[in-house]
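Numbering (UniProt numbering), first residue to last: 1 to 73.
In this text, a Cβ means the ideal position worked out from N, Cα and C, and glycines have one as well.
From a predicted model like this one, the values you see are computed outputs, not experimental measurements.
In structure tokens form, the structure reads like this:
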């Protein structure tokens with residue numbers, strides 16, 4: 001899911017279909033506001049996360065479910 005946490009480096013996100021039994025798993029609601037903003041910006045822009053500014057570590061799996069509301073056109 002991530003590449004490195006060294007200062008000045010970046011983390012990348014990768015979708016996974018399964019999670020190892022020994023993986024650290026965090027729910028999207030567990031991220032602080034800054035980490036959440038950076039996480040969504042990375043997903044929406046297909047760009048890396050800065051290694052600083054989040055408490056995410058390489059190998060951490062973040063569980064996020066997308067919801068879509070159906071509205072009348």
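Does DSSP put residue i in a helix, in a strand, or in coil?
i, result
"residue 43", "helix"
"residue 31", "coil"
"residue 56", "coil"
Just to confirm the assignment, what range does the beta strand (DSSP E) spanning residue i have?
i, result
"residue 25", "25-27"
"residue 63", "61-63"
Leaving out five residues before and five after residue i in sequence, what residues of the same chain have Cβ atoms less than 8 Å from its Cβ?
i, result
"residue 38", "49, 50, 53, 54"
Quick one, are the C-beta atoms of residue i and residue j less than 7 Å apart?
i, j, result
"residue 24", "residue 60", "yes"
"residue 62", "residue 26", "yes"
Which same chain residues, not among the five before or five after residue i, have their C-beta less than 7 Å away from its C-beta?
i, result
"residue 9", "51"
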